[in-house]
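Participant:
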Amino acid sequence: MLLGFQWLGELAVGAADIALPGPLLGMLMLLVVLTVYGRPLEFLDRASNLLIQHLSLMFIPPSVGAFFLSQQIYQQFPSLLASILLSTVAAIIFMALLIRVLPGSAKDRPD
Amino acid sequence: MAPLSAYWQQISLSSWVIGLSIVGFVVGRAVYQRSGGSPFLHPLLVGTPLVAGILYLVSIDFDTYYLGNGALNWLLGPTTVALAVPLAKQMRQLPPLLLTVATTVLIGGFFATGCALAMALMFDADQLMVLSLAAKSVTTPIAVGITEQLGGLVTLIVMVVLLTGIAGILTAQTIFNYTKITDERWQGLILGISAHAIGTARAFEKSPRCGAFSTLGMGLNGIWTSIFLPPLMAFLL
Numbered sequence: 001m002l003l004g005f006q007w008l009g010e011l012a013v014g015a016a017d018i019a020l021p022g023p024l025l026g027m028l029m030l031l032v033v034l035t036v037y038g039r040p041l042e043f044l045d046r047a048s049n050l051l052i053q054h055l056s057l058m059f060i061p062p063s064v065g066a067f068f069l070s071q072q073i074y075q076q077f078p079s080l081l082a083s084i085l086l087s088t089v090a091a092i093i094f095m096a097l098l099i100r101v102l103p104g105s106a107k108d109r110p111d
Numbered sequence: 112m113a114p115l116s117a118y119w120q121q122i123s124l125s126s127w128v129i130g131l132s133i134v135g136f137v138v139g140r141a142v143y144q145r146s147g148g149s150p151f152l153h154p155l156l157v158g159t160p161l162v163a164g165i166l167y168l169v170s171i172d173f174d175t176y177y178l179g180n181g182a183l184n185w186l187l188g189p190t191t192v193a194l195a196v197p198l199a200k201q202m203r204q205l206p207p208l209l210l211t212v213a214t215t216v217l218i219g220g221f222f223a224t225g226c227a228l229a230m231a232l233m234f235d236a237d238q239l240m241v242l243s244l245a246a247k248s249v250t251t252p253i254a255v256g257i258t259e260q261l262g263g264l265v266t267l268i269v270m271v272v273l274l275t276g277i278a279g280i281l282t283a284q285t286i287f288n289y290t291k292i293t294d295e296r297w298q299g300l301i302l303g304i305s306a307h308a309i310g311t312a313r314a315f316e317k318s319p320r321c322g323a324f325s326t327l328g329m330g331l332n333g334i335w336t337s338i339f340l341p342p343l344m345a346f347l348l
């Protein structure tokens, strides 16, 4: 079923020339279907849990690649690291302040 | 006998390296769990150098290893689709909080990416670098898809996303204290938008509610970023 939606997504991307990754569009389609359907599907839950729990495993091959990059990229590593750190911190501060100024969201509401 | 050994050689040359990835994953996860979930010992931060070290020791080049892991890479597609399942479960919470959630995702997600791009340009990173950095606050399967499309380095984005997540969970609590964001729903939302799956894992440690909002932030931001980023990059570069 997941593959079906990925295939649908890729088909739609190919057909309509949309600038989105096919699997992502497939995810959106599945999201719409599940939201409309409104009830969890046992087998889909299990399959997606299994995949999501092993996500780290799938990321090992590409991240190993980070050890085999060109010298040119390593020279930029400090600036890369600095960009990541500073922009992440800036983004969190920004969103925290944003939420404070949005109406009715800054207070705790117990329920 | 000859054709059999030739076959075996071909198989052993291509797919056995998946075993290395699995070893890296299992060791990385074991270390992570032993440490009680220290962000510095994330499974990828432990497993990846281990695998890279083995590749160096037995002198396998990276391309051989990467191609041999095709099956694992292939799994990323259906896993991206699978992210819809936890996200769909959170959609019911959305309507009454739509204004805050939507504004934070739309503006915050854009700011997170824009800020990273601005910094990278400020530090004179070259174009390939900027392309490989752009999708940094998006959950990895989506980030990989976006980066492939932009023409960035997939090998780099995975590390960038991981480091972003670690930076996020290391600093978020301090920032929440200073800005007095005490509501766990918003803490979760911010963690999900800025630190994707790593932030979401941390949010679930706080409370299921916090985790749910983090899932929501992560999923919505992933969708939103993949929509605005390609045109933005085309405009910038």
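Quick note, the sequences are listed as chains A and B, same order. According to the working numbering, the first sequence is numbered sequentially starting from 1. According to the working numbering, the second sequence is numbered sequentially starting from 112. The C-beta atom is built at its ideal place from N, Cα and C for all residues, glycine as well.
1. Would you kindly check if the distance between the Cβ of B/T191 and the Cβ of A/L24 is under 8 Å?
2. Cα separation between B/I218 and B/T211?
3. Would you report the Cα separation of B/L274 and A/L44, rounded to the nearest angstrom?
4. Less than 8 Å between the CB atoms is what I'm expecting for A/V64 and B/L166, so what's the real figure, rounded?
5. Taking Cβ positions, are B/N180 and B/I129 nearer each other than 8 Å?
6. Can you list, in chain order, the residues of the segment 72-94 of chain A whose Cβ is nearer than 9 Å to any Cβ on chain B?
7. Just the Cα atoms here: how many angstroms apart are B/K317 and B/V157?
8. So, are the CB atoms of A/S99 and B/S305 less than 8 Å apart?
9. Does DSSP classify A/I52 as helix, strand or coil?
10. Within 8 Å of any Cβ in chain B, is that where the Cβ of A/F59 sits?
11. Going by DSSP in three states, B/N180 sits in which element: helix, strand or coil?
12. Using a threshold of 8 Å, state whether the C-beta atoms of B/G188 and B/L161 are closer than that.
13. Note down, one range per segment and in chain order, each alpha helix (DSSP H) of at least 4 residues found wholly within the segment 235-268 of chain B.
14. Contact defined as beta carbons within less than 8 Å: I believe B/G310 pairs with B/G276. What is the distance between those atoms, to the nearest angstrom?
15. Using CA coordinates, which residue listed in B/F346, B/T258, B/L194 is at the minimum distance from B/L239?
16. At 7 Å on the CB atoms, spell out the chain B contacts of A/Y68, in chain order.
17. Can you tell me where the alpha helix (DSSP H) holding B/S337 begins and where it ends?
18. With distance defined between alpha-carbon atoms, name the residue in B/L242, B/R140, B/G147, B/R296 nearest to A/L55.
19. Check distances from the C-beta atoms of the segment 286-305 of chain B to those of chain A and list, in chain order, the residues that come in under 7 Å.
20. Measure the beta-carbon distance from B/T251 to A/F59 and round it to whole angstroms, keeping in mind my assumption that it falls under 8 Å.
21. Using a cut-off of 7 Å between C-beta atoms, extract the partners of B/K247 located in chain A.
22. Quick check on B/C226 - is its C-beta less than 8 Å from some C-beta in chain A?
23. Give me the chain A residues within the contact set of B/L187, using Cβ-Cβ distance strictly less than 7 Å, ordered along the chain.
24. Taking buried to mean at least 16 other C-beta atoms within 10 Å of its own C-beta, is B/R296 buried or exposed?
25. Quick check: the Cα distance between B/M329 and B/T215, rounded to an integer number of angstroms?
Facilitator: If we stick to the structure as given:
1. What you label residue 24 of chain A is simply residue 24 of the first sequence in a count that begins at 1. What you label residue 191 of chain B is simply residue 80 of the second sequence in a count that begins at 1. Yes, they are a contact pair.
2. Your numbering for residue 218 of chain B matches position 107 in the second sequence. Your numbering for residue 211 of chain B matches position 100 in the second sequence. Taking the straight line joining both Cα atoms gives about 11 Å.
3. Within the second sequence, residue 274 of chain B is the residue found at index 163, counting from 1. Within the first sequence, residue 44 of chain A is the residue found at index 44, counting from 1. Take the alpha-carbon of B/L274 and the one of A/L44: they are about 31 Å apart.
4. Translated into the one-based positions of the first sequence, residue 64 of chain A becomes position 64. Translated into the one-based positions of the second sequence, residue 166 of chain B becomes position 55. Indeed they touch by this definition, with Cβ atoms about 7 Å apart.
5. Position 69 of the second sequence holds residue 180 of chain B. Position 18 of the second sequence holds residue 129 of chain B. It is a contact, given that the beta carbons lie within the stated cut-off.
6. Going along the segment 72-94 of chain A in chain order, one finds Q72, I73, Q76, P78, S79, L80, L81, A82, S83, I84, L85, L86, S87, T88, V89, A90, A91, I92, I93, F94 with a Cβ nearer than 9 Å to chain B.
7. Position 206 of the second sequence, counting from 1, holds the residue named residue 317 of chain B. Position 46 of the second sequence, counting from 1, holds the residue named residue 157 of chain B. B/K317 and B/V157: Cα-Cα distance of roughly 24 Å.
8. Numbered from its first residue, the first sequence carries residue 99 of chain A at position 99. Numbered from its first residue, the second sequence carries residue 305 of chain B at position 194. The question names Ser, but residue 99 of chain A is Ile in the sequence shown. The answer is no: Cβ separation not under 8 Å.
9. Position 52 of the first sequence, counted from the start, is the residue given in the question as residue 52 of chain A. If DSSP states are grouped into helix, strand and coil, A/I52 belongs with the helices.
10. Taking the first residue of the first sequence as 1, we reach residue 59 of chain A at position 59. Chain B, which has a Cβ nearer than 8 Å to the Cβ of A/F59, makes this yes.
11. Here the question's residue 180 of chain B lines up with position 69 in the second sequence. In the structure shown, the three-state DSSP call for B/N180 is coil.
12. Translated into the one-based positions of the second sequence, residue 188 of chain B becomes position 77. Translated into the one-based positions of the second sequence, residue 161 of chain B becomes position 50. Using a Cβ distance threshold of 8 Å, B/G188 and B/L161 do not count as a contacting pair.
13. Those alpha helix (DSSP H) runs which fall completely within the segment 235-268 of chain B and span 4+ residues are 238-244, 251-261.
14. Counted from its first residue, the second sequence places residue 310 of chain B at position 199. Counted from its first residue, the second sequence places residue 276 of chain B at position 165. About 6 Å separates the two Cβ atoms, so the contact holds.
15. Position 128 of the second sequence holds residue 239 of chain B. Taking the Cα of B/L239 as reference, the smallest distance to any Cα among B/F346, B/T258, B/L194 is reached at B/T258.
16. Start at 1 with the first residue of the first sequence, and residue 68 of chain A comes out as number 68. Position check: residue 68 of chain A holds Phe in this sequence, whereas Tyr was assumed. Taking the beta carbon of A/F68 as reference, the chain B residues within 7 Å of it are F173, listed in sequence order.
17. The count along the second sequence starts at 1 and reaches residue 337 of chain B at position 226. Start and end: 319-347.
18. For the purposes of this step, residue 55 of chain A is identified with residue 55 of the first sequence, where counting begins at 1. Considering only alpha carbons, the answer is B/R140.
19. Residues of the segment 286-305 of chain B that bring their beta carbon within less than 7 Å of a beta carbon in chain A comprise I286, F287, T290, I292, T293, D294, W297, I301, I304, S305, in sequence order.
20. For the purposes of this step, residue 251 of chain B is identified with residue 140 of the second sequence, where counting begins at 1. For the purposes of this step, residue 59 of chain A is identified with residue 59 of the first sequence, where counting begins at 1. Right, the Cβ-Cβ distance comes to about 6 Å (below 8 Å), so this counts as a contact.
21. For the purposes of this step, residue 247 of chain B is taken as residue 136 along the second sequence, with counting starting at 1. Correct list: I84.
22. By 1-based counting over the second sequence, the position of residue 226 of chain B is 115. So yes, B/C226 belongs to the interface.
23. The residue you call residue 187 of chain B lines up with position 76 of the second sequence. M58, listed in chain order.
24. Working through the second sequence from its first residue, we reach residue 296 of chain B at position 185. B/R296 should be labelled buried.
25. Residue mapping note: residue 329 of chain B aligns to position 218 of the second sequence, counting from 1. Residue mapping note: residue 215 of chain B aligns to position 104 of the second sequence, counting from 1. Take the alpha-carbon of B/M329 and the one of B/T215: they are about 12 Å apart.
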